[in-house]
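Numbering (this note's numbering), first residue to last: 1302 to 1510. These notes concern the structure reproduced below.
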Ligand code: AP5
């Protein structure tokens, strides 16, 4: 069993690349952001705790996140490893993950802050299948998403004000993890400020090396 971590600032393209890696490797995507949004929608205790943090662009407390991951990793589709998207985001989360499952590759998608606002404010997705699109960079086809259940969805936290708090949280709490993983020899960086297909190709060079 071996798992991959997709690492990077909000809007770097983790979810976009995760869809492609999932198709090619069969590893299930485990996005803590998606899990938290589902919990908020369902009105669970976790969702009620997480909602305010997410709306203000702060990180949800480590204990909440680690409990979610401990449960998720026990599901049958995770038995051969998973692809984490947006987790871990703090050193305590990474330490907890090391106790739960081995990680072979941490792939950091590097995008400068000035690109992030336009990426996040133009993002939308298909409510039917979750595929991610962008007003300018990756628009959906004129007849909708190929899943056949096209319905446009935009995230409540995808606004300019929240993006700045999310970037602040990334630089203060998440980016120190890069050195933590570098010291373990499993950290790989790719330039995320290029075409989506070019980035995917670079990620597969890393995964196949
Ligand atoms: P989460 O849902 O994880 O959001 P995020 O990290 O802020 O990342 P995003 O999903 O916004 O971006 P992405 O990198 O997936 O980019 P995407 O592919 O969509 O977290 C939300 C909140 O939940 C957090 O703020 C926090 O409160 C909480 N949370 C979640 N996990 C947590 C944890 N572990 N600990 C504590 N709290 C946690 O791409 C963005 C846009 O750009 C899209 O429109 C896409 O089409 C476009 N795009 C992608 N690639 C390119 C490219 N190469 N060129 C041009 N456009 C591109």
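Beta carbons are placed, not taken as given, at the ideal position from N, Cα and C, and that holds for glycine. Being a predicted model, the structure only gives us computed values, none of them experimental.
Residues bridged to residue i (per DSSP)
i	result
residue 1427	1453
residue 1411	1492
residue 1386	1307, 1332
residue 1439	1435
residue 1404	1304
Residue i: first and last residue of the uninterrupted alpha helix (DSSP H) it sits in
i	result
residue 1468	1461 to 1470
residue 1375	Residue 1375 -> no alpha helix (DSSP H), and no H or E assigned at all.
residue 1507	1497 to 1508
residue 1313	Neither: residue 1313 is in no alpha helix (DSSP H) and is coded neither H nor E.
residue 1474	Taken as a continuous stretch (DSSP letters only), residue 1474 belongs to no alpha helix (DSSP H), as it is neither H nor E.
residue 1393	1392 to 1401
residue 1345	Counting along the chain, residue 1345 falls outside any alpha helix (DSSP H), and DSSP gives it neither H nor E.
Near the ligand AP5: residue i beta-carbon under 7 angstroms from a heavy atom
i	result
residue 1389	yes
residue 1349	no
residue 1439	yes
residue 1368	no
residue 1373	no
residue 1345	no
residue 1311	yes
residue 1424	yes
residue 1482	no
residue 1496	yes
residue 1421	yes
residue 1454	no
residue 1360	yes
residue 1317	yes
residue 1394	yes
Best match in the options for proximity to residue i [C-alpha to C-alpha]
i	options	result
residue 1440	1327, 1388, 1423	1423
residue 1390	1480, 1505, 1426, 1502	1480
residue 1381	1373, 1469, 1328	1328
residue 1503	1387, 1361, 1340, 1321	1321
residue 1335	1394, 1319, 1489, 1410	1319
residue 1425	1411, 1442, 1413, 1414	1442
residue 1331	1471, 1376, 1458	1376
residue 1403	1410, 1492, 1482, 1333	1482
residue 1396	1419, 1363, 1410	1363
Terminal residues of the beta strand (DSSP E) in which residue i lies
i	result
residue 1306	1304 to 1308
residue 1488	1488 to 1492
residue 1330	1330 to 1332
residue 1433	1433 to 1435
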